[in-house]
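**Student:** One structure, as structure tokens, below. Some questions next.
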Amino acid sequence: MIGVEPWVINVAELKFFGYLADLAGSRKREVTLERAVPLRELLPPRFPKENIIILINEKAASLDSVIQNEDSVVFMPILSGG
Amino acid sequence: MKGYAGKLLRVNLTDGKISKEEISESMKKDFLGGRGFAVKLLWDEVKRVDPLSEKNKIILATGPLSGQMLPSSGKMVIASKSPLTGGYGDGNIGTLASVHLRKAGYDVVVVEGRSEKPCLLVIEDDQVRIVEASELWGKNTFDVQDHLEKTYGRNSGILLTGPAGENLIPISTVMSQRGRAGGRPGMGAVMGSKHLKGVVIKGTGSIPNADDGQLKALGKKGYEEIKGKESYDFWMRQGTMQAFEWCNENGCLPTYNFREGVFEFSKEMDGYVLEQFHVDRKGCPMCNMQCGHVIKDSEDQRAELDYENVGMLGPNIGLRDLRQVALLNRMADEWGLDTISLGSGIGFLMEASERGLIKEKIGWGDFVAAQKLIREIGMGEGTGSLVSRGVKAASEALGKDSYRWAMHVKGLEISAYNCHGCPGMALSFGTSPIGASHKDAWIIAWEIATDRFSYSKEKVEKLVEFQRIRGGFFESATVCRLPWVEVSFGLHWYPEYLEAITGIHRTWEDLYQIGDRIYTLIRAFWKREIPQFGRTWDFPPDRWFEEPHSQGKVKGVTVDRKKYEEMLSYYYQLRGWDENGIPLKQTLDRLELKEVAKEITGSF
Ligand code: SF4
Chain A
0 MIGVEPWVIN VAELKFFGYL ADLAGSRKRE VTLERAVPLR ELLPPRFPKE
50 NIIILINEKA ASLDSVIQNE DSVVFMPILS GG
Chain B
0 MKGYAGKLLR VNLTDGKISK EEISESMKKD FLGGRGFAVK LLWDEVKRVD
50 PLSEKNKIIL ATGPLSGQML PSSGKMVIAS KSPLTGGYGD GNIGTLASVH
100 LRKAGYDVVV VEGRSEKPCL LVIEDDQVRI VEASELWGKN TFDVQDHLEK
150 TYGRNSGILL TGPAGENLIP ISTVMSQRGR AGGRPGMGAV MGSKHLKGVV
200 IKGTGSIPNA DDGQLKALGK KGYEEIKGKE SYDFWMRQGT MQAFEWCNEN
250 GCLPTYNFRE GVFEFSKEMD GYVLEQFHVD RKGCPMCNMQ CGHVIKDSED
300 QRAELDYENV GMLGPNIGLR DLRQVALLNR MADEWGLDTI SLGSGIGFLM
350 EASERGLIKE KIGWGDFVAA QKLIREIGMG EGTGSLVSRG VKAASEALGK
400 DSYRWAMHVK GLEISAYNCH GCPGMALSFG TSPIGASHKD AWIIAWEIAT
450 DRFSYSKEKV EKLVEFQRIR GGFFESATVC RLPWVEVSFG LHWYPEYLEA
500 ITGIHRTWED LYQIGDRIYT LIRAFWKREI PQFGRTWDFP PDRWFEEPHS
550 QGKVKGVTVD RKKYEEMLSY YYQLRGWDEN GIPLKQTLDR LELKEVAKEI
600 TGSF
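Taken in order, these protein sequences are the chains called A and B.
Numbering-wise (numbering that gives the first Met the number 0), the first sequence opens with residue 0 and increments by one.
Numbering-wise (numbering that gives the first Met the number 0), the second sequence opens with residue 0 and increments by one.
Shown next as structure tokens:
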């Protein structure tokens, strides 16, 4: 089961940057996971599958990477600078 | 070859001679345009001269894609021997001058000599005049832009130097359209040294393309593709300012003269704050993803912001108020000062003050002091004059180990990415062909997405690939580098555009070869102009190797010098340069630059 339950302490945190926050519907989400799940199961279907930065606990990851409670996940667009 | 006006306009300001020359087919084929044309001309015509003497030349160069009806093509390159670095200097600028120059029937303008009195170069199709402009000398770039638009019409291509360029300040740049800037390594000062206040261009012709119908159809599809991208709406809201939050999160926001990578007040001035203040959007011609965001500054004047200038005039000097940053940015644009070098210079002075190395007390984030310093830097007077010639020269004058935190490579100030924890990006700054510019290879996002702290060969290979695309092709074509990555605009479009324009089919491999030729010739130019030039010039400052951040994601991390050396050696190997970074004879032969070998004395 996956649910948005901000009052639960045992959660995984997802942070979205740039246009990915628009697609995810928020800049930050906390989710409670009853089991470890691949990231792609937590994202809306329109979410891009490539050309993005995914970091789980500061380490490079992919949409197939599995997360669990207490993980911290960051999604960022690839930028090329000002 | 189709797609070029085919003419080079040469103007000598000393004797007033104006001539038009054919651009050879080999020049078009081997150097493409823009940066390629610029370095070839400088190599052939500017040898060991004082950059601020009348012997130096300034090149305004377009390429086959410039000013065409295709995405983000309203760009041109302004190049010269740099008074800031002593080596090759250039910058691209988005300006109507690009569009009009091509319509006027020229691909390139070479300005040489020095006018006795301040002047304007006015190009109206084949009517070319040098016009006295003493009344404009000393005026800021916004006022002069207004004046020239009244005189020549709003639809004119205008390039200007500001009061800083007139005062021969080496960190001065060229301005257009009240906010477009280009030519960081002192191109404004080269114009000033020639008493050339500005260039006005009006063209009414058309570019002789191989297949206009095909180009129109491809251009339309390209514009549509950009508009349909998922990231388009957000880009239109924040543009490059989305990098502010991004860099802060990744611990690479330049903060307190690059001492830290996160700014405690970042949420008060990031892209979301910009959205609240936004009053207008501006940009370059031919662009449907315009990224200049106008806000009202702290004096209620319009000022255009992007990430670079906010990063360097905000956290890098400890200033937390976006509207105050906007005011400093407007001042820089009016004076014709490069905002990156300016922010680095002010940060350097604040740190020098904190360390007691200068007697003035200039605290971090002191907005009043920063305004005073901008005026002093633009005039070359007072405390500000210490950094008017850049932080490299300032650290040489100041001594006391200040070179360790003078944030530059090859004399050009580092732009707004702090690389203690980004070795690939550090190498990108180290090997950028004009000094520490981010434009050639912004590899930082790729390395964070993959293996941030590695010093892998793959990273160096990626860096060279980015340089080939961005610094080689985009700067020579000339088109903006932003659509490709920012909105995932397909790279496949560019060879297609090039074929519709020139009638010649070329693959990316062919274009890489041109890029490699350009990089190697730029390298040779540095070596010829600065005999002691070599490997040691490709290193970022000690701060990145020795002084870790105290907070943020890369707290405690620095670049490993030994591993940086290994990456640099591999970079030279990929480029076909020797261990000192000097092009090998076989590389020059392979790139059809045989004549160059003879001139890099002592190298072979
Ligand atoms: S994206 Fe920005 S810099 Fe590039 S052409 Fe458009 S307005 Fe100019």
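No residue lacks a Cβ here, since even glycine has one placed at the ideal position from N, Cα and C.
Just so it is clear, the structure is predicted and the values come from calculations on it, not from any experiment.
Would you kindly check if the distance between the Cβ of Gly310 (chain B) and the Cβ of Val553 (chain B) is under 8 Å?
**Tutor:** Within the second sequence, residue 553 (chain B) is the residue found at index 554, counting from 1. Within the second sequence, residue 310 (chain B) is the residue found at index 311, counting from 1. Cβ atoms of Val553 (chain B) and Gly310 (chain B): not closer than 8 Å.
**Student:** Hey, is Met406 (chain B) close to the ligand SF4, as in C-beta under 7 Å from one of its heavy atoms?
**Tutor:** Looking up residue 406 (chain B) in the second sequence gives position 407. It does not: the Cβ of Met406 (chain B) is nowhere closer than 7 Å to a heavy atom of the ligand SF4.
**Student:** Would you give the residue range spanned by the beta strand (DSSP E) that Cys118 (chain B) belongs to?
**Tutor:** The sequence position of residue 118 (chain B) within the second sequence is 119, counting from 1. Where Cys118 (chain B) is concerned, the enclosing beta strand (DSSP E) stretches over 118-123.
**Student:** Anything in chain B within Cβ reach of Phe15 (chain A), meaning under 7 Å, just list it in chain order.
**Tutor:** Taking the first sequence and counting its residues from 1, one reaches residue 15 (chain A) at position 16. The premise fails here: Phe15 (chain A) is roughly 11 Å from chain B at the closest Cβ pair, so nothing lies under 7 Å.
**Student:** Quick one: give me the first and last residue of the beta strand (DSSP E) that Ala37 (chain B) is part of.
**Tutor:** For the purposes of this step, residue 37 (chain B) is identified with residue 38 of the second sequence, where counting begins at 1. Per DSSP, Ala37 (chain B) belongs to no beta strand (DSSP E); it is in the alpha helix (DSSP H), 33-44.
**Student:** Which residue spans inside the stretch 330-376 of chain B form an unbroken alpha helix (DSSP H) run of at least 4?
**Tutor:** Segments of the alpha helix (DSSP H) lying fully in the stretch 330-376 of chain B: 338-353.
**Student:** Starting from Phe233 (chain B), find everything on chain A with Cβ-Cβ shorter than 7 Å and list it in chain order.
**Tutor:** Sequence index remark: in the second sequence, residue 233 (chain B) carries index 234 (1-based). Near Phe233 (chain B) (Cβ distances below 7 Å), the residues of chain A are Gly17, Tyr18, Asp21.
**Student:** CA-CA distance, Met0 (chain A) and Leu42 (chain A)?
**Tutor:** One-based indexing of the first sequence puts residue 0 (chain A) at position 1. One-based indexing of the first sequence puts residue 42 (chain A) at position 43. With a pLDDT of only 44 at Met0 (chain A), under the threshold of 50, the placement of this residue in the model should not be trusted, and no figure is reported.
**Student:** For the stretch 537-568 of chain B, which residues have a CB atom closer than 7 Å to at least one CB atom of chain A, in sequence order?
**Tutor:** Residues Lys552.
**Student:** List, in order along the chain, the chain B residues whose C-beta lies closer than 9 Å to that of Glu57 (chain A)?
**Tutor:** Position 58 of the first sequence, counting from 1, holds the residue named residue 57 (chain A). Simply Arg451, Lys552.
**Student:** Would you say Asn9 (chain A) lies against chain B (beta-carbon separation less than 8 Å)?
**Tutor:** Here residue 9 (chain A) is taken as the residue at index 10 of the first sequence, counted from 1. No, because no Cβ of chain B sits closer than 8 Å to the Cβ of Asn9 (chain A).
**Student:** Strictly below 8 Å CB to CB, what residues from chain B border Val73 (chain A)?
**Tutor:** Here residue 73 (chain A) is taken as the residue at index 74 of the first sequence, counted from 1. Those within 8 Å of Val73 (chain A) in chain B are Glu248.
**Student:** May I ask you to report which of helix, strand or coil DSSP gives Leu13 (chain A)?
**Tutor:** Taking the first sequence and counting its residues from 1, one reaches residue 13 (chain A) at position 14. Residue state, collapsed to three classes: strand.
**Student:** So what's Tyr3 (chain B) in DSSP terms, helix, strand or just coil?
**Tutor:** Counting from 1 along the second sequence, the entry for residue 3 (chain B) is found at position 4. Coil at Tyr3 (chain B), not helix or strand.
**Student:** Nearer than 7 Å: is that true of the beta carbon of Gly93 (chain B) relative to any heavy atom of the ligand SF4?
**Tutor:** Counting from one through the second sequence, the residue named residue 93 (chain B) turns up at place 94. For the ligand SF4, at least one heavy atom lies less than 7 Å from the Cβ of Gly93 (chain B).
**Student:** Given 7 Å as the limit, tell me if Met240 (chain B) has its C-beta closer than that to any heavy atom belonging to the ligand SF4.
**Tutor:** Counting from 1 along the second sequence, the entry for residue 240 (chain B) is found at position 241. No, the ligand SF4 has no heavy atom inside 7 Å of this Cβ.
**Student:** Tell me the start and end of each unbroken alpha helix (DSSP H) in the stretch 475-542 of chain B that is at least 4 residues and wholly inside, in chain order.
**Tutor:** 481-485, 492-501, 507-528, all fully within the stretch 475-542 of chain B.
**Student:** Rank B:Gln531, B:Leu336, B:Val408 by C-alpha distance to the C-alpha of Thr140 (chain B) and give the top, closest one.
**Tutor:** Your numbering for residue 140 (chain B) matches position 141 in the second sequence. It is B:Leu336.
**Student:** Would Ile447 (chain B) count as contacting chain A if we go by Cβ distances under 8 Å?
**Tutor:** Within the second sequence, numbered from 1, the residue matching residue 447 (chain B) stands at position 448. Closer than 8 Å to some Cβ of chain A, the Cβ of Ile447 (chain B) qualifies, so yes.
**Student:** Can you check which of these residues, A:Ile55, A:Gln67, A:Val65, is closest to Ala448 (chain B) by C-alpha distance?
**Tutor:** Position 449 of the second sequence, counted from the first residue, corresponds to residue 448 (chain B). Nearest C-alpha to Ala448 (chain B): A:Ile55.
**Student:** Relative to the C-alpha of Asn315 (chain B), which residue among B:Val261, B:Gln176, B:Asn11 is closest?
**Tutor:** Residue 315 (chain B) sits at position 316 when you count from the first residue of the second sequence. That would be B:Val261, whose Cα lies nearest to the Cα of Asn315 (chain B).
**Student:** So, under 8 Å CB-CB, Ile373 (chain B) and Trp334 (chain B) are touching, yes? Tell me the CB distance rounded to an integer number of Å.
**Tutor:** Along the second sequence, read from residue 1 onward, the residue named residue 373 (chain B) stands at position 374. Along the second sequence, read from residue 1 onward, the residue named residue 334 (chain B) stands at position 335. Indeed they touch by this definition, with Cβ atoms about 7 Å apart.
**Student:** Using the C-alpha atoms, what's the distance from Ile521 (chain B) back to Arg9 (chain B)?
**Tutor:** For the purposes of this step, residue 9 (chain B) is taken as the residue at position 10 of the second sequence. For the purposes of this step, residue 521 (chain B) is taken as the residue at position 522 of the second sequence. If you take the alpha carbons of Arg9 (chain B) and Ile521 (chain B), they lie about 22 Å apart.
**Student:** Starting from the C-beta of Ser602 (chain B), find all residues in its chain whose C-beta is less than 7 Å away, skip the five residues before and the five after it, and write them out in chain order.
**Tutor:** The sequence position of residue 602 (chain B) within the second sequence is 603, counting from 1. Here the model assigns Ser602 (chain B) a pLDDT of 48, short of 50, so the residue's position is not dependable and the matter cannot be decided.
**Student:** State the DSSP-derived secondary structure class of Val199 (chain B), mapped to helix, strand or coil.
**Tutor:** Taking the second sequence and counting its residues from 1, one reaches residue 199 (chain B) at position 200. Correct three-state label for Val199 (chain B): strand.
**Student:** For Trp483 (chain B), return the contacting residues in chain A, with the cut-off set at a CB-CB distance below 9 Å.
**Tutor:** Within the second sequence, residue 483 (chain B) is the residue found at index 484, counting from 1. Chain A residues near Trp483 (chain B): Ser79.
**Student:** Under a CB-based cut-off of 8 Å, is Glu259 (chain B) close to chain A?
**Tutor:** Working through the second sequence from its first residue, we reach residue 259 (chain B) at position 260. No, no contact with chain A.
**Student:** Using 8 Å as the threshold, is the C-beta distance between Glu485 (chain B) and Arg47 (chain B) below it?
**Tutor:** Taking the second sequence and counting its residues from 1, the one referred to as residue 485 (chain B) is at position 486. Taking the second sequence and counting its residues from 1, the one referred to as residue 47 (chain B) is at position 48. No. Outside cutoff.
**Student:** Could you tell me if the beta carbon of Gln300 (chain B) falls within a distance shorter than 7 Å of some heavy atom in the ligand FAD?
**Tutor:** With respect to the ligand FAD, the structure offers nothing, as its ligand set consists of the ligand SF4.
**Student:** By how many angstroms is the C-alpha of Cys246 (chain B) removed from the C-alpha of Gly423 (chain B)?
**Tutor:** Position 424 of the second sequence holds residue 423 (chain B). Position 247 of the second sequence holds residue 246 (chain B). Rounded to the nearest angstrom, the two C-alpha atoms are 15 Å apart.
**Student:** Are three or more beta carbon pairs between the stretch 465-480 of chain B and the stretch 47-67 of chain B nearer than 8 Å?
**Tutor:** The stretch 465-480 of chain B is in contact with the stretch 47-67 of chain B.
**Student:** Based on the DSSP secondary-structure assignment, which residues constitute the bridge partners of Val36 (chain A)?
**Tutor:** Position 37 of the first sequence, counted from the first residue, corresponds to residue 36 (chain A). Val36 (chain A) is bridged to A:Ile66.
**Student:** Is there a Cβ from chain A that is less than 8 Å from the Cβ of Ala37 (chain B)?
**Tutor:** By 1-based counting over the second sequence, the position of residue 37 (chain B) is 38. So, not an interface residue.
**Student:** Would the stretch 119-134 of chain B and the stretch 180-190 of chain B be scored as touching if the rule is three or more Cβ pairs under 8 Å?
**Tutor:** Not touching, per the Cβ criterion.
**Student:** Along chain B, in chain order, which residues have C-beta atoms closer than 8 Å to that of Asn68 (chain A)?
**Tutor:** Looking up residue 68 (chain A) in the first sequence gives position 69. The contacting residues do not exist; Asn68 (chain A) stays about 22 Å from chain B at best.
**Student:** Going along chain B in order, which residues have a C-beta closer than 8 Å to the C-beta of Pro47 (chain A)?
**Tutor:** As a first step, residue 47 (chain A) is located in the first sequence; it is residue number 48 there, counting from the start. Neighbours of Pro47 (chain A) on chain B, chain order: Glu229.
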